[in-house]
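First residue of the sequence shown? That's 480 in my numbering, and the numbers climb one at a time after it. C-beta: ideal position from N, C-alpha, C; glycine also.
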Amino acid sequence: MAALITTTGIGLSSVATDKPAYLFFQQLRLQIQRDLGNYFADYLAEPVFDSQQDKIDWYSTADGPVREFGELSDSEKIETVGRIDSIRQQLTALAKRYIQATNDPGKLTIGQALLAAAGEPESTHRYLIGNQPTVVFWGFVQSAPDYPELLKKYIQIRQPPVTEPPPARTDNAPPARADIAPHTTDIAPDKADIAPKKADTALEKTGLESQPTARPDRDNSPPEAAATETIPAQEFNLLRYAGKVLWGSAVLAGLLFVIALIVSLFNRSPGIPVPVSTSNQEILDKIRQSVSAGDRLQTELARLQSALAEKKCNCTPPEPPPEPEQATTPAKIEDVVESCNIANLTGRWQSRSNELRNSKSGEPVRVNYDFDGQGEGQIGIIEADGSECKGQASATFKKTGDICVLHVKATPAACPTWPSSYKSHTVECKLGDKGKAKCTLLQKGTRPVYAVFERRSRGQ
């Protein structure tokens with residue numbers, strides 16, 4: 480199970496339901512798994528609520544590397560938002576189906592919580608774990624200004640606009656012949672009316688007037704000559720029409736003869752009926768009884784299946800058995816400092832604070848630390864535009880009596896916009912009052928900054 484982020488609900492509003500939607504996570508996950516499948520169930524990260532500190536740790540059971548939405552490329556962001564919107568549509572449809580069951584308070588509550596969880600997630604609450612879109616902080620009122628624009632781009636990519644075909648070329652079109660009569664048809668009148676309309680449409684596209692064009696190899700002849708040339712074509716059409724009429728009459732006569740023959744066969748006097756033996760009659764009666772009994776059993780089976788489905792919908796799903804605890808590295812920095820074991824620092828950690836900013840632009844930055852089992856690793860400073868400045872980092876524990884202090888040293892971090900870079904710094908974490916870890920970021924020439932040191936993923 481991958482740890483994603485720790486959030487707080489202080490000063491934030493949950494979407495209007497009887498209770499916050501995340502409190503129904505187990506019921507929601509079971510319903511989504513049953514109705515839609517694991518792909519849709521893994522969309523919602525699992526919340527673990529700490530009532531004493533008013534914090535929520537978010538975890539996911541999806542397999543694969545954990546990537547924040549800001550770390551994705553532009554094309555990956557568009558694709559991920561498109562898949563998120565497809566999942567939200569399925570969850571919304573499922574929620575409305577439960578809400579419509581107003582005679583069942585349990586279904587109504589689950590439907591309202593599911594509808595709250597299907598809202599538009601903010602960009603900082605979207606993750607891609609392997610190939611699985613996952614969101615945290617669901618069920619709270621959020622603002623996602625980038626969501627509609629990314630979804631619009633996704634729709635444009637998947638459904639490109641229909642382009643009109645290029646107009647037909649007219650420069651090489653052969654001229655119409657005046658010595659050939661216009662085409663006539665002897666099909667049904669409604670189909671014959673269609674042909675002139677298509678011709679008009681073609682003329683409209685080419686921009687030509689609907690007038691006959693004289694052949695270039697002939698002189699313009701008077702109307703009498705033109706009328707004389709069209710007579711053979713008209714006679715040919717009349718002969719072809721007459722032939723089709725004769726052929727149709729022959730086929731119709733043949734059909735009538737066959738029908739009359741069949742009727743005469745059926746009207747013949749039936750022969751002397753052969754009596755059915757008693758044994759055969761008993762067999763027929765038993766067959767009829769068996770068929771009737773089978774129909775009754777089929778009707779009863781359908782009724783039982785309907786009753787079972789209704790009972791199944793009304794049942795409250797059982798609570799899933801608790802998952803066995805796995806021997807993993809601690810999730811909180813307090814546990815790591817208390818253990819004084821550098822191997823427990825394995826994985827990715829992030830240092831966040833409102834005072835961690837770029838000294839030139841004034842924009843906030845986030846600092847990621849990746850350590851192996853010996854405390855060696857890398858540092859990545861994530862700027863507001865998503866670019867990452869990288870350097871080296873090492874961590875050690877120094878113990879004085881019963882007090883253990885974590886020391887992290889980071890080298891200068893080089894940025895993609897060379898020669899820009901961040902200065903080296905150190906981080907010290909130790910347990911304070913009430914067992915709460917206090918982490919201080921120190922940089923030469925600046926005052927100390929208090930920062931939150933949180934785990935983002937566990938090491939392998």
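1. Is it buried or exposed, Ile659, if we count other Cβ atoms within 10 angstroms and call 16 or more buried?
2. Are Thr905 and Lys888 close, meaning C-beta to C-beta below 8 Å?
3. Which residue comes first and which comes last in the beta strand (DSSP E) that contains Tyr929?
4. Taking the alpha-carbon of Tyr929 as reference, which of Ser602, Ala874, Ser832 and Tyr901 has the nearest alpha-carbon?
5. For Phe548 versus Tyr501, is the C-beta distance shorter than 8 Å?
6. So which of Lys790, Ala732, Ser539 and Arg637 has the shortest CA-CA distance to Lys565?
7. Answer yes or no: do Phe503 and Ile589 have a C-beta to C-beta separation smaller than 8 Å?
8. Pairing CB atoms from the region 869-876 with CB atoms from the region 840-857, are three or more of them under 8 Å?
9. What are the complete beta strand (DSSP E) segments, minimum 3 residues, inside the region 517-574?
10. For the beta strand (DSSP E) containing Ser840, name the first residue and the last one.
11. Using only CA atoms, which one of Leu594, Ile608 and Pro891 lies nearest to Phe619?
12. Give a yes or no on contact between the region 783-793 and the region 835-844, applying the rule of three or more CB pairs nearer than 8 Å.
13. On the three-state DSSP scale, how would you describe Gly854?
14. Give me the Cα-Cα distance between Val742 and Leu735, rounded to the nearest whole angstrom.
15. Just verifying my parser: in three-state terms, what is the DSSP assignment at Pro627?
16. What's the C-alpha gap between Gly865 and Glu550?
17. Measure the C-alpha to C-alpha separation of Pro584 and Asp529 and round it to an integer number of angstroms.
18. Just how far apart, CA to CA, sit Gly722 and Ser728?
19. Is the beta carbon of Gly940 sitting closer than 8 Å to the one on Ala541?
20. Going by DSSP, which residues form a beta bridge with Leu910?
21. Span of the alpha helix (DSSP H) holding Val615?
22. Measure the C-alpha to C-alpha separation of Leu515 and Pro526 and round it to an integer number of angstroms.
23. State the Cα-Cα distance for the pair Gln579 and Ser552, rounded to the nearest angstrom.
Working from what's here:
1. The residue you call residue 659 lines up with position 180 of the sequence shown. Annotation note: pLDDT 43 at Ile659 (below 50); position unreliable, coordinate value reported separately. Under this definition Ile659 is an exposed residue.
2. On the sequence shown, position 426 is the one that residue 905 refers to. On the sequence shown, position 409 is the one that residue 888 refers to. Taking a C-beta distance under 8 Å as the contact criterion, Thr905 and Lys888 qualify as a contact pair.
3. As a working note, residue 929 is residue 450 in the sequence shown. Taken as a continuous stretch (DSSP letters only), the beta strand (DSSP E) holding Tyr929 covers Val928 to Arg937.
4. Counting from one through the sequence shown, the residue named residue 929 turns up at place 450. The shortest C-alpha separation from Tyr929 is found at Ser832.
5. Here residue 548 refers to the residue found at position 69 when the sequence shown is read from its first residue. Here residue 501 refers to the residue found at position 22 when the sequence shown is read from its first residue. Cβ atoms of Phe548 and Tyr501: not closer than 8 Å.
6. Locating residue 565 in the sequence shown gives position 86, counting from the first residue. In the sequence as presented, Lys is not what sits at residue 565; that position holds Ser. Each of Lys790, Ala732, Ser539 and Arg637 was checked against the Cα of Ser565, and the nearest Cα belongs to Arg637.
7. Translated into the one-based positions of the sequence shown, residue 503 becomes position 24. Translated into the one-based positions of the sequence shown, residue 589 becomes position 110. Taking C-beta atoms as the reference points, Phe503 and Ile589 count as a pair closer than 8 Å.
8. With a cut-off of 8 Å, the region 840-857 and the region 869-876 count as touching, because enough Cβ pairs lie within range.
9. 525-529, 534-539 and 545-547
10. Indexing the sequence shown from 1 puts residue 840 at position 361. Ser840 -> no beta strand (DSSP E), and no H or E assigned at all.
11. Counting from 1 along the sequence shown, the entry for residue 619 is found at position 140. Comparing Cα-Cα distances from Phe619 to each of Leu594, Ile608 and Pro891, the minimum goes to Leu594.
12. Touching, no.
13. Locating residue 854 in the sequence shown gives position 375, where the first residue counts as 1. Note: Gly854 maps to coil in three-state DSSP.
14. For the purposes of this step, residue 742 is taken as the residue at position 263 of the sequence shown. For the purposes of this step, residue 735 is taken as the residue at position 256 of the sequence shown. C-alpha separation (whole angstroms): 11 Å.
15. Sequence index remark: in the sequence shown, residue 627 carries index 148 (1-based). Under the three-state reduction of DSSP, Pro627 is assigned to helix.
16. Here residue 865 corresponds to residue number 386 of the sequence shown, with the count starting at 1. Here residue 550 corresponds to residue number 71 of the sequence shown, with the count starting at 1. Each residue's Cα considered, the two are about 6 Å apart.
17. Residue numbering aside, residue 584 sits at position 105 when the sequence shown is read from its first letter. Residue numbering aside, residue 529 sits at position 50 when the sequence shown is read from its first letter. Cα-Cα distance, rounded: 28 Å.
18. Looking up residue 722 in the sequence shown gives position 243. Looking up residue 728 in the sequence shown gives position 249. Each residue's Cα considered, the two are about 10 Å apart.
19. The structure shown does not extend to residue 940, since the chain is modelled only from 480 through 939, so no value can be given for it.
20. Start at 1 with the first residue of the sequence shown, and residue 910 comes out as number 431. Looking at the DSSP assignment, Leu910 forms a beta bridge with Ala916.
21. Taking the first residue of the sequence shown as position 1, residue 615 is located at position 136. Looking at the DSSP string, Val615 is not in any alpha helix (DSSP H), and its letter there is neither H nor E.
22. Here the question's residue 515 lines up with position 36 in the sequence shown. Here the question's residue 526 lines up with position 47 in the sequence shown. Distance between the alpha carbons of Leu515 and Pro526: 21 Å.
23. Counted from its first residue, the sequence shown places residue 579 at position 100. Counted from its first residue, the sequence shown places residue 552 at position 73. If I take the Cα positions, the gap works out to 40 Å.
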